[in-house]
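What follows is a single structure, written as structure tokens, with notes after it.
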Amino acid sequence: MTTAPPDVVPVRHTCDRSHPISCILPPHILRAIVERGSAEQRAWAVQVLAVSERIRGRRELLGDLATATALAAEGKQRTVYDAGGGSQLPGTLVRSEGQGPVGDVAVNEAYDGSGATWDLYHDVYSRNSIDDRGMPLVSTVHYRVGFDNAFWDGSQMVYGDGDGKLFERFTKAIDVIGHELTHGVTQFEAGLAYSGQSGALNESFSDVFGSLVKQRSLGQTADAADWLIGEGLFTAAVHGTAFRSMAAPGTAYDDPVIGKDPQPADMAHYVETADDNGGVHINSGIPNRAFYLAATAIGGYAWERAGQVWYVTLRDRLRPDSDFRAAATLTIAAAGELFGAGSGVASAVRAAWTTVGVL
Amino acid sequence: MRVRLDRTGGFANIRRTFTADAATLAPERADELRRLVEAADLEGIASTPPAPPRGADRFVYTVTVEGEGTARAVTVGEDAAPAALQRLIDWLQALQER
Numbered sequence: 001m002t003t004a005p006p007d008v009v010p011v012r013h014t015c016d017r018s019h020p021i022s023c024i025l026p027p028h029i030l031r032a033i034v035e036r037g038s039a040e041q042r043a044w045a046v047q048v049l050a051v052s053e054r055i056r057g058r059r060e061l062l063g064d065l066a067t068a069t070a071l072a073a074e075g076k077q078r079t080v081y082d083a084g085g086g087s088q089l090p091g092t093l094v095r096s097e098g099q100g101p102v103g104d105v106a107v108n109e110a111y112d113g114s115g116a117t118w119d120l121y122h123d124v125y126s127r128n129s130i131d132d133r134g135m136p137l138v139s140t141v142h143y144r145v146g147f148d149n150a151f152w153d154g155s156q157m158v159y160g161d162g163d164g165k166l167f168e169r170f171t172k173a174i175d176v177i178g179h180e181l182t183h184g185v186t187q188f189e190a191g192l193a194y195s196g197q198s199g200a201l202n203e204s205f206s207d208v209f210g211s212l213v214k215q216r217s218l219g220q221t222a223d224a225a226d227w228l229i230g231e232g233l234f235t236a237a238v239h240g241t242a243f244r245s246m247a248a249p250g251t252a253y254d255d256p257v258i259g260k261d262p263q264p265a266d267m268a269h270y271v272e273t274a275d276d277n278g279g280v281h282i283n284s285g286i287p288n289r290a291f292y293l294a295a296t297a298i299g300g301y302a303w304e305r306a307g308q309v310w311y312v313t314l315r316d317r318l319r320p321d322s323d324f325r326a327a328a329t330l331t332i333a334a335a336g337e338l339f340g341a342g343s344g345v346a347s348a349v350r351a352a353w354t355t356v357g358v359l
Numbered sequence: 360m361r362v363r364l365d366r367t368g369g370f371a372n373i374r375r376t377f378t379a380d381a382a383t384l385a386p387e388r389a390d391e392l393r394r395l396v397e398a399a400d401l402e403g404i405a406s407t408p409p410a411p412p413r414g415a416d417r418f419v420y421t422v423t424v425e426g427e428g429t430a431r432a433v434t435v436g437e438d439a440a441p442a443a444l445q446r447l448i449d450w451l452q453a454l455q456e457r
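Going line by line, the protein sequences match chains H and F. In terms of our numbering, the first sequence has 112 at position 112, counting the first letter as 1, and numbering is strictly consecutive. Going from the second sequence to our numbering is simple: count from 1 and add 359.
And the structure:
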């Protein structure tokens, strides 16, 4: 265990540091810390639960953690850790909620980006964090050496620095941060299974809300937004502007070393593959474009009406095995309930799914 | 012995391929490669497609070994790679960086 408990007396009585597993506290003590502790103590308790979950190979503790955390958490509860190039998570705590910027740009980007994401969900969709119960937002930067990826591990966000030859650090694009956090939201809501069409929907919802975090942070309307995912993460050596384009899937990059953007823009070009968990980052281009088409047809700020329809669908309608057709019919139904079946919003959503060939 | 690593998936899902051939490596590097392959015990890893990861955006690795009496390919999720296989994967990626 790498994090020290900040002034939690019971831990000092029960924890033998020579035997890390014995440091894992019973849930009732962690719950007490969560209920009565400071923000820093709560964040620490969350980490203990996350670590114990990994050691025991148990998954149900996360739910316990989320419930316990909800008892006391108010407002954003961000912590950022530094893995120092290693693979142990979460790493060393380097910035907690309310603390000012530090001298490490990746740490500050993870802190600010997770804050902007929390704000979108809270201010626009009245959602209290990832689980809607105030779950703390845990980020780790400098994971491994030259690691070309960012991921959600089921409990927290993790960012690599990139190899510096093709990829920059992954915290650099705010939509990447919104994307990773949204995987957490999806995990607690629709639970879209991570393979095939349900997996591509899981990816698409992360791109949608990642892009909305970026658009809102820039104050952009739908027609002013670039609709790019991961813009700025390629080095100057790569012929490409971003990893994905929601407006024009398949056009984000075309490079002699890394190849061409493989995303299809419609169902006629759907890709069957065993790679990438059944093409979850490939066929997501189809629902991504549907959102782009709906949002630009509706106009104004995309997070307001189109975003509301997609959010309600993710929260209340989709199931773990939902496919593209289900997403189409459920977003159309949600648009009808929110704005009226004959509304411009509902017809824009229907037209979008028709254009991409899902309907 | 030829060893090939195909890395797919991850946030960017940009396929990257890393290769090593014992016949063209310096002798000490070739020995290192053989030791890593032996330790990774590819025969002991199921060749079925990997289960969906816990979480999202994890890499998917396919390691293919051919020659010197071996012909084996395995695909594993980054979150499920055994430690010895992960060492081979890290080595193959680092070789290209050198």
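Even glycine gets a Cβ: it sits at the ideal position worked out from N, Cα and C.
_DSSP three-state label for residue 150 of chain H, please._
Indexing the first sequence from 1 puts residue 150 of chain H at position 150. Of the three classes helix, strand and coil, the one that applies to residue 150 of chain H here is strand, per DSSP.
*Can a CB atom of chain H be found closer than 8 Å to the CB of residue 412 of chain F?*
Residue numbering aside, residue 412 of chain F sits at position 53 when the second sequence is read from its first letter. Yes - at least one Cβ of chain H is within 8 Å of the one on residue 412 of chain F.
_Neighbourhood of residue 125 of chain H by C-beta distance below 6 Å, restricted to the same chain and skipping five residues each side_ = Translated into the one-based positions of the first sequence, residue 125 of chain H becomes position 125. Sequence-distant Cβ neighbours of residue 125 of chain H in its own chain, meaning closer than 6 Å and more than five residues away, are 311.
*Contact set for residue 416 of chain F: own chain, Cβ-Cβ below 8 Å, skip 5 residues either direction*: One-based indexing of the second sequence puts residue 416 of chain F at position 57. The beta carbon of residue 416 of chain F is closer than 8 Å to those of 368, 369, 370 in its chain, skipping five residues each way along the sequence.
_Chain-ordered residues of the stretch 369-390 of chain F with a beta carbon less than 7 Å from chain H_ = 369, 370, 371, 372, 373, 374
*Segment limits, beta strand (DSSP E) that includes residue 137 of chain H*: To locate residue 137 of chain H, count along the first sequence from 1; it is residue 137. Its beta strand (DSSP E) spans residues 137-141.
*Measuring only between beta-carbons, confirm whether residue 277 of chain H sits less than 8 Å from chain F.*
Translated into positions along the first sequence, residue 277 of chain H becomes position 277. Chain F, which has a Cβ nearer than 8 Å to the Cβ of residue 277 of chain H, makes this yes.
*asked:* Restricting to Cα atoms, I'd like to know which of F:373, F:409, F:407, F:395 is closest to residue 361 of chain F.
replied: As a working mapping, residue 361 of chain F is identified with position 2 in the second sequence. Selected option, being the one with the closest Cα: F:395.
*Could you pull the start and end residues of the beta strand (DSSP E) that residue 377 of chain F belongs to?*
For the purposes of this step, residue 377 of chain F is taken as the residue at position 18 of the second sequence. Note, residue 377 of chain F: beta strand (DSSP E), 375-380.
*Identify each residue in the stretch 270-303 of chain H for which the Cβ-Cβ distance to at least one residue of chain F is less than 7 Å, and report them in chain order.*
274, 275, 276, 277, 281, 282
*Compare the C-beta of residue 408 of chain F with all C-beta atoms of chain H and state if any pair is closer than 8 Å.*
Translated into positions along the second sequence, residue 408 of chain F becomes position 49. Chain H contact via Cβ: present.
_Limits of the unbroken beta strand (DSSP E) element including residue 436 of chain F_ = Taking the first residue of the second sequence as position 1, residue 436 of chain F is located at position 77. Start and end: 429-436.
*Would you kindly work out how many angstroms separate the C-alpha atoms of residue 53 of chain H and residue 193 of chain H, rounded to a whole number?*
Working through the first sequence from its first residue, we reach residue 53 of chain H at position 53. Working through the first sequence from its first residue, we reach residue 193 of chain H at position 193. Confidence is the limiting factor: at residue 53 of chain H the pLDDT is only 48, short of 50, which leaves the residue's position unreliable, though a coordinate-based value still follows. In a straight line, the C-alpha of residue 53 of chain H is about 21 Å away from that of residue 193 of chain H.
*Apart from the five residues on each side of it in sequence, which residues of its chain come closer than 8 Å, Cβ to Cβ, to residue 333 of chain H?*
Position 333 of the first sequence, counting from 1, holds the residue named residue 333 of chain H. Taken in chain order, the residues that qualify are 317.
*Express the C-alpha separation of residue 250 of chain H and residue 262 of chain H in angstroms, rounding to a whole number.*
Stepping through the first sequence from its first residue, residue 262 of chain H is reached at position 262. Stepping through the first sequence from its first residue, residue 250 of chain H is reached at position 250. It is roughly 5 Å from the alpha-carbon of residue 262 of chain H to the alpha-carbon of residue 250 of chain H.
*Contacting residues, own chain, Cβ-Cβ under 8 Å from residue 60 of chain H (five flanking each side not counted)*: Sequence index remark: in the first sequence, residue 60 of chain H carries index 60 (1-based). Low confidence applies to residue 60 of chain H: its pLDDT is 47, below 50, so where it sits in the model is not reliable enough to give any reading.
*asked:* I need the DSSP call for residue 305 of chain H, collapsed to helix, strand or coil.
replied: The count along the first sequence starts at 1 and reaches residue 305 of chain H at position 305. Of the three classes helix, strand and coil, the one that applies to residue 305 of chain H here is coil, per DSSP.
*Spell out a yes or no on whether the stretch 133-152 of chain H and the stretch 81-90 of chain H are touching, meaning 3 or more CB-CB pairs, one atom from each, closer than 8 Å.*
yes
_Less than 8 Å between the C-beta atoms of residue 159 of chain H and residue 110 of chain H, yes or no?_
The sequence position of residue 159 of chain H within the first sequence is 159, counting from 1. The sequence position of residue 110 of chain H within the first sequence is 110, counting from 1. Going by C-beta atoms, residue 159 of chain H is nearer than 8 Å to residue 110 of chain H.
*Go ahead and pull the three-state DSSP assignment for residue 214 of chain H.*
For the purposes of this step, residue 214 of chain H is taken as residue 214 along the first sequence, with counting starting at 1. Helix at residue 214 of chain H.
*Using a beta-carbon distance below 8 Å, is residue 321 of chain H in contact with chain F?*
Residue mapping note: residue 321 of chain H aligns to position 321 of the first sequence, counting from 1. Chain F, which has no Cβ nearer than 8 Å to the Cβ of residue 321 of chain H, makes this no.
_N- and C-terminal bounds of the alpha helix (DSSP H) containing residue 272 of chain H_ = For the purposes of this step, residue 272 of chain H is taken as residue 272 along the first sequence, with counting starting at 1. From DSSP, residue 272 of chain H is part of no alpha helix (DSSP H); its letter is neither H nor E.
*How big is the Cα-Cα spacing for residue 69 of chain H and residue 154 of chain H?*
Position 69 of the first sequence, counted from the first residue, corresponds to residue 69 of chain H. Position 154 of the first sequence, counted from the first residue, corresponds to residue 154 of chain H. Legend: pLDDT at residue 69 of chain H = 49, less than 50; position of this residue unreliable, value from coordinates given subsequently. Rounded to whole angstroms, residue 69 of chain H to residue 154 of chain H spans 16 Å at the Cα level.
*Let me know the secondary structure DSSP gives residue 127 of chain H once reduced to three states.*
Within the first sequence, the letter at position 127 stands for residue 127 of chain H. Looking at residue 127 of chain H - three-state DSSP - the assignment turns out to be coil, as it is neither helix nor strand.
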